[in-house]
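Chemist: Below: one structure in structure tokens.
In the working numbering, the protein residues as written are 2 to 86.
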């Protein structure tokens, strides 16, 4: 599982490099799933309101959350987006 997770993270990282730091930051912070990380995600969502490609963020986060065995990360991010972004 660790190799699969690492491989998926590398693919996401390469893809995100083309899209800008905001997307990478949100995906990686949500994936880390620590209280301070969620505060950072909220801050970016509020500051970048209307400028984030949420479909792209979810497309990157969903496979990582599945590999990690924490699909609730996506649900939490959707709720956060609804309330803040």
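For each residue, glycine too, the CB sits at the ideal point set by N, CA and C.
Fair warning: this is a prediction, and the values are worked out from it, not measured in the lab.
1. Buried or exposed, going by whether 16 or more other CB atoms sit within 10 Å of the CB of residue 37?
2. Say the cut is 6 Å; is the CB of residue 64 nearer than that to a heavy atom of the ligand FAD?
3. Ignore the nearest five residues each way along the sequence and tell me which others in residue 47's own chain have a CB closer than 6 Å to its CB.
4. Does the distance from the C-beta atom of residue 65 to that of residue 75 stay below 7 Å?
5. Here's the rule: buried if 16 or more other CB atoms are within 10 angstroms of the residue's CB, otherwise exposed. What is residue 33?
6. Between the C-alpha atoms of residue 43 and residue 60, what's the straight-line distance to the nearest angstrom?
7. Using three-state DSSP, classify residue 62 as helix, strand or coil.
Modeler: Based on what the coordinates show:
1. exposed
2. The ligand FAD is absent from the structure shown, which contains no ligand whatsoever.
3. 85
4. no
5. exposed
6. 19 Å
7. helix
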